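In the working numbering, the protein residues as written are -17 to 132.
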């Protein structure tokens, strides 16, 4: 049984989970990952969700405002042992519900070509590939996606 909690960017469980995410991404992309660091900082995040099994945080996600209608999904991560069992979907559903409650009607996100499992996950949750938006339009290997929430 998983608990999904709404929180903020200062949540210590979220901070630990994004350290794990950053370590994973650095392993995937090596020195190329550093070009994304400026866009992945927690300070720009407006909403954060943490998934837990009991007292153990196992996944997270967040969003930031792009414009009056659109949010950008950021920092989606589920620990390896908890993947493929619905945790990511619960996180995404909570983020999308929160965005709708806050008056947003669309979500965008960026993932990488070295993460086909992430791309498939997003497609399975209704996201479609779009032309890369700034700053990712200048970053080879980025894949941008969008979903209409309402």
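Don't be surprised by glycine CBs; every beta carbon is placed ideally from N, CA and C.
What you are looking at is a predicted structure, and each value in this text was computed from that prediction instead of being measured.
Query	Result
Taking 8 Å as the cut-off, decide whether the C-beta atoms of residue -9 and residue 27 are in contact.	yes
Is the Cβ-Cβ distance between residue -14 and residue 24 less than 8 Å?	no
Mapping DSSP to helix, strand and coil, what is residue 106?	helix
Kindly indicate which three-state DSSP category residue 46 falls into: helix, strand or coil?	strand
DSSP on residue 8, reduced to helix/strand/coil?	helix
Per DSSP, which residues does residue 39 bridge with? Please list them.	34
Three or more C-beta pairs closer than 8 Å, one from the stretch 82 to 100 and one from the stretch 49 to 58: is that the case here?	yes
DSSP three-state label for residue -3, please.	helix
Less than 8 Å between the C-beta atoms of residue 72 and residue 33, yes or no?	yes
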